[in-house]
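Here the structure is laid out as structure tokens; the discussion comes afterwards.
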Amino acid sequence: MEPLLAMKGITKRYPGVLALNGVDFTLQAGEVNCLVGENGAGKSTLIKVLSGAVIRDAGSVRIEGNGVDLASPADAQRLGIGVIYQDFKLVPALSVAENILLGTEPVVGRTPFIDRKGMDEKASAALALLGEEIDTRSPVGRLSVAKQQMVEIAKALSRNVRILAMDEPTAPLTERETANLFKVIRSLKARGVGIIYISHRLEEIFEVGDRVTVLRDGTFVHACAITEIDRRGLIRKMVGRELENEYPRVTLRRGTEILRIEDLSSDRVSHVSLTLFRGEILGLAGLVGAGRSELARLVFGADRRTGGRIILDGKEIAPESPHEAIREGIGLLTEDRNRYGLIMQMSIRENITLSSLRAMLTGPFLDRRKEETAARKLSDDLRIKAPGTDVIVENLSGGNRQKVVLARWLNTQARVLIFDEPTAGIDVGVKYEIYTLINRLAGEGIGVIVISSDLPELLGICHRVAVMCDGELTGIVEGTEATQETVMTYAHKNRR
Amino acid sequence: MTSERITRKLSGEFGIGIAFILEFALFAFASPYFFTPDNLLNVSLQASITAIIAAGMTFVILTGGIDLSVGSLVAFAGIAATSLLKTGLPPAAGFAVAILTGLAIGALSGAFAGFCVTRFHIAPFIVTLATMTIWRGAAFVWTDGRPVWELPEGFAFLGTGRILAVPVPTIIMVLTFLASHVILTRTRFGRYVYAVGGNIEAARLAGIRTGRVLLKVYVLSGTLAALSGILLASRMNSGQPNAGVAYELDVIAAVVVGGTSLSGGAGSIVGTFIGAMLIAVLRNGLNLLNVNSYVQQVIVGVVILLAVMLDQLRRKRS
Chain U
1 MEPLLAMKGI TKRYPGVLAL NGVDFTLQAG EVNCLVGENG AGKSTLIKVL SGAVIRDAGS
61 VRIEGNGVDL ASPADAQRLG IGVIYQDFKL VPALSVAENI LLGTEPVVGR TPFIDRKGMD
121 EKASAALALL GEEIDTRSPV GRLSVAKQQM VEIAKALSRN VRILAMDEPT APLTERETAN
181 LFKVIRSLKA RGVGIIYISH RLEEIFEVGD RVTVLRDGTF VHACAITEID RRGLIRKMVG
241 RELENEYPRV TLRRGTEILR IEDLSSDRVS HVSLTLFRGE ILGLAGLVGA GRSELARLVF
301 GADRRTGGRI ILDGKEIAPE SPHEAIREGI GLLTEDRNRY GLIMQMSIRE NITLSSLRAM
361 LTGPFLDRRK EETAARKLSD DLRIKAPGTD VIVENLSGGN RQKVVLARWL NTQARVLIFD
421 EPTAGIDVGV KYEIYTLINR LAGEGIGVIV ISSDLPELLG ICHRVAVMCD GELTGIVEGT
481 EATQETVMTY AHKNRR
Chain Y
1 MTSERITRKL SGEFGIGIAF ILEFALFAFA SPYFFTPDNL LNVSLQASIT AIIAAGMTFV
61 ILTGGIDLSV GSLVAFAGIA ATSLLKTGLP PAAGFAVAIL TGLAIGALSG AFAGFCVTRF
121 HIAPFIVTLA TMTIWRGAAF VWTDGRPVWE LPEGFAFLGT GRILAVPVPT IIMVLTFLAS
181 HVILTRTRFG RYVYAVGGNI EAARLAGIRT GRVLLKVYVL SGTLAALSGI LLASRMNSGQ
241 PNAGVAYELD VIAAVVVGGT SLSGGAGSIV GTFIGAMLIA VLRNGLNLLN VNSYVQQVIV
301 GVVILLAVML DQLRRKRS
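Going line by line, the protein sequences match chains U and Y. Numbering follows this note's numbering, in which position 214 of the first sequence is assigned residue number 214; successive positions increment by one, without gaps. Numbering follows this note's numbering, in which position 221 of the second sequence is assigned residue number 221; successive positions increment by one, without gaps.
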């Protein structure tokens with residue numbers, strides 16, 4: 001039988017980059033084929049080719065044996081191809097039903113008027129297929145991220161989607177929501193939909209996948225049934241070499257106290273007290289929404305504090321803004337580097353020196369040579385892959401972008417560095433580099449706090465793990481005693 | 001200088017630069033009078049008033065904002081300065097007081113707009129739409145709708161005088177652009193302007209005091225608008241309450257034609273200079289060719305559209 005989708009020899013060239021080089025990809029009806037590879041491997045480009053957003057330079061695409069053109073997103077939609085992007089393509093102000101049926105609204109008879117009742121029915125029907133009950137009249141902007149994702153899937157279903165690609169669908173979801181998503185994926189499979197699943201979380205691939213296709217540097221590397229490969233083997237295929245360990249060995253040289261917070265509170269954080277030592281890597285665990293990022297932002301002066309004290313190196317500080325926090329020697333690598341970290345139109349150099357321009361002056365003027373020296377040194381040191389420091393960060397891959405933000409903080413005189421989800425959406429090889437760097441910083445006597453939703457990661461690299469739940473600190477676990485179970489117990493402590 | 005840096009520089013103002021040179025060549029060919037020192041200095045004089053404002057506007061637009069109040073400020077600062085000239089102070093002191101007060105009004109107006117934008121989070125469009133209306137009204141209230149005439153000897157020098165044959169406003173314009181270019185490309189403030197326009201939240205979290213940056217760009221824009229207003233009053237040798245009507249649109253056109261993005265974060269002072277000159281040369285050339293002034297309006301509009309379209313195409317390709 002012809003496969004549902006057969007892409008052969010897909011090639012796409014951008015100026016200076018061969019994004020896809022003769023890639024093959026096959027998808028059967030009712031299967032989940034996981035597309036994996038490091039950042040820049042070509043996963044997103046392949047999906048864009050499939051969705052008609054990008055036109056391939058060479059190669060053929062067949063659906064059930066028939067060659068198709070895919071010259072535009074409309075083409076792809078007509079053929080039953082749907083994509084759930086990381087940033088949803090929903091209109092927040094429109095209702096659930098209006099979003100699901102956007103562009104395909106039913107009308108009353110032959111009039112131009114929209115049949116509102118028919119719309120609600122159709123939308124409810126699409127949601128029912130997912131086992132979801134969402135008020136079809138409420139604006140999408142008021143729904144949780146997980147519900148919005150369901151609306152996106154329902155939208156695809158209402159268009160009779162046969163091939164559904166999902167790009168990192170679980171990144172914004174909690175554990176429970178992820179479980180629900182997997183349930184939905186299984187029911188879609190049962191209906192004969194072919195699913196292309198992209199994720200950096202390898203556990204998920206083994207949980208939900210039937211087959212796995214590995215890309216590396218724009219070329220096809222490997223495809224097999226998920227049962228024929230293990231985690232280690234998969235990483236080897238992705239990275240192209242053997243990774244000794246996923247986490248570097250950490251040796252604690254805990255020094256004296258560097259940061260102490262007492263009874264720190266805001267509208268999202270309540271009465272948190274915590275001590276951080278020089279040379280220590282302290283993990284901050286908890287479920288999404290537990291208040292970890294909010295705690296970090298409080299210490300960094302980015303949000304308003306309602307109570308409590310921050311003592312840095314024995315001296316009480318009261319940062320009212322990130323500017324003041326940085327001057328005191330606190331740095332925060334925010335979550336979502338694209339939204340809160342980088343200035344996209346600026347070069348690598350300009351992004352790196354942004355928080356330390358005072359040191360780049362000669363007289364009142366910025367000294368390009370000083371900037372270049374600093375940026376060059378850091379980008380060599382962190383192995384940022386780019387032809388020069390003048391490259392605009394928008395043109396960098398996720399891992400390299402993260403390194404640019406890292407470099408910015410290394411260029412400040414930070415004594416305490418907080419990393420919020422430093423490895424989110426970053427491939428295995430670069431993750432290891434970032435862990436090594438965090439280790440090195442701790443070794444130099446900096447106090448490090450790492451926030452991560454990847455629990456094995458936290459346990460792998462931290463000396464201690466503090467756990468939060470509903471804005472409160474519910475427990476602190478020493479590294480030697482820390483297990484996923486103990487941490488999760490604390491993470492759910494306040495939950496019913 | 002790496003090749004990447006050169007291409008980046010060129011791509012910024014390259015297209016508009018080529019368009020400007022083409023336009024220049026076209027008029028030089030079509031009119032024998034166009035390419036004479038007299039005419040070119042004349043063009044620069046005509047361009048100077050709006051170009052000076054455009055330098056300030058570039059900063060504002062780079063942060064993703066807009067300043068609609070500049071045209072009204074031209075009138076109000078002109079009225080304020082000319083009125084103060086008639087208080088009977090000795091000339092030197094009188095001139096200083098008049099000019100400094102005019103500039104201070106511009107700065108204060110900008111500070112007020114910046115304050116509303118940063119503290120109350122009102123959209124710059126709305127805030128400056130309000131100040132635009134306020135200053136225009138105030139100019140008419142102050143003068144009862146009549147021009148301020150009979151100014152002391154010597155004031156006209158600012159707007160009509162020449163130093164070594166070069167008009168004074170032209171000199172002031174060139175100095176303004178040189179200073180603006182240096183500020184934007186060589187100082188921390190300039191870098192912060194780009195950062196705030198590129199991503200204000202990321203800029204704040206990188207430790208930039210974004211409120212201050214915004215406040216400063218509106219102060220700069222207001223001050224330069226007031227400077228232009230004083231030059232214009234001097235040139236007309238009177239304070240006119242209806243001076244500078246719709247200047248904000250000419251100014252924004254110059255900035256946008258110069259390749260600065262209305263959404264902020266990208267653009268340059270060099271681009272704005274070329275943009276302002278391109279429009280001024282166009283008007284001048286069409287005048288020399290005796291094109292009817294109504295038709296001129298249509299042509300200027302079309303050229304603005306074409307320039308921005310070309311810029312969009314270039315952006316898309318890169």
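Glycine residues also receive a C-beta, built at the ideal position from the N, C-alpha and C atoms.
Contacts of residue i in chain Y (Cβ-Cβ under 7 Å)
i         : result
Phe365(U) : Arg186 and Thr187
Ser355(U) : Ala206 and Gly207
Residue from the options with nearest C-alpha to residue i
i         : options                                       : result
Cys224(U) : Ala71(U), Thr26(U), Cys462(U) and Ile451(U)   : Thr26(U)
Asp144(Y) : Thr223(Y), Leu26(Y) and Gly239(Y)             : Gly239(Y)
Ser72(Y)  : Phe140(Y), Thr58(Y) and Phe20(Y)              : Phe140(Y)
Leu164(U) : Gly301(U), Ile134(U), Pro139(U) and Val193(U) : Val193(U)
Ala138(Y) : Ile61(Y), Asn242(Y), Val251(Y) and Val270(Y)  : Asn242(Y)
Leu68(Y)  : Ile299(Y), Ala111(Y), Asp38(Y) and Glu248(Y)  : Glu248(Y)
Ala414(U) : His323(U), Asn338(U), Leu396(U) and Val208(U) : His323(U)
Arg268(U) : Ile235(U), Leu295(U) and Thr256(U)            : Leu295(U)
Leu276(U) : Cys34(U), Val416(U), Val49(U) and Met119(U)   : Val416(U)
Ile200(Y) : Tyr197(U), Ile226(U), Glu335(U) and Leu342(U) : Leu342(U)
Met7(U)   : Ser187(U), Gly40(U), Ala58(U) and Cys34(U)    : Ala58(U)
Thr82(Y)  : Ala226(Y), Leu26(Y) and Thr50(Y)              : Ala226(Y)
Val54(U)  : Ala156(U), Val32(U), Ser60(U) and Ser72(U)    : Ser72(U)
Trp135(Y) : Gly106(Y), Glu23(Y) and Cys116(Y)             : Gly106(Y)
Cutoff 7 Å: residue i Cβ touching any chain U Cβ
i         : result
Gly15(Y)  : no
Met1(Y)   : Reliability of the predicted coordinates at Met1(Y) is poor, the pLDDT of 39 falling under 50, and the value obtained from them is presented with this limitation in mind. Output row for Met1(Y): interface = no.
Ala179(Y) : no
Ile6(Y)   : Bear in mind that a pLDDT of 47 at Ile6(Y), under 50, signals an unreliable position, so the number given afterwards is only what the model happens to contain. No, no contact with chain U.
Integer-rounded CB distance, given that residue j should sit under 8 Å from residue i
i         : j         : result
Val465(U) : Leu458(U) : 6 Å
Thr480(U) : Lys493(U) : About 21 Å separates the two Cβ atoms, so there is no contact after all.
Met96(U)  : Ala123(U) : Before going further, note that residue 96(U) is Val rather than Met in the sequence given. Right, their Cβ atoms sit about 6 Å apart.
Met488(U) : Gly291(U) : About 17 Å separates the two Cβ atoms, so there is no contact after all.
Ala319(Y) : Tyr192(Y) : Limits of chain Y in this structure are 1 at one end and 318 at the other, which puts residue 319(Y) out of reach.
Thr219(U) : Asn21(U)  : 5 Å
Gly78(Y)  : Gly229(Y) : 4 Å
Ile392(U) : Met346(U) : 7 Å
Contacts of residue i in chain U (Cβ-Cβ under 9 Å)
i         : result
Tyr194(Y) : Ile343, Gln345, Met346 and Glu350
Chain Y contact for residue i (CB, 7 Å cutoff)
i         : result
Ile326(U) : yes
Tyr340(U) : yes
Thr334(U) : yes
Leu4(U)   : no
Tyr14(U)  : no
Contacts that residue i makes with chain U (C-beta to C-beta distance below 8 Å)
i         : result
Gly198(Y) : Ile343, Met344, Gln345 and Met346
Glu201(Y) : Arg339 and Tyr340
Under 9 Å by beta carbon: chain Y residues contacting residue i
i         : result
Arg408(U) : Ala206
(request) Could you please tell me which residues of the region 253-272 of chain Y, in chain order, have their CB closer than 8 Å to any CB of chain U? (result) Gly265 and Ala266
(message) Any C-beta of chain Y within less than 8 Å: which residues of the region 303-325 of chain U qualify?
(response) Ser321, Pro322, His323 and Ala325
(request) Note down, in chain order, all residues in the region 290-304 of chain U with a beta-carbon under 7 Å from any beta-carbon belonging to chain Y. (result) Ala302
(message) Please identify, using Cβ separations under 8 Å, the residues of the region 101-128 of chain Y that lie next to chain U, in order along the chain.
(response) none
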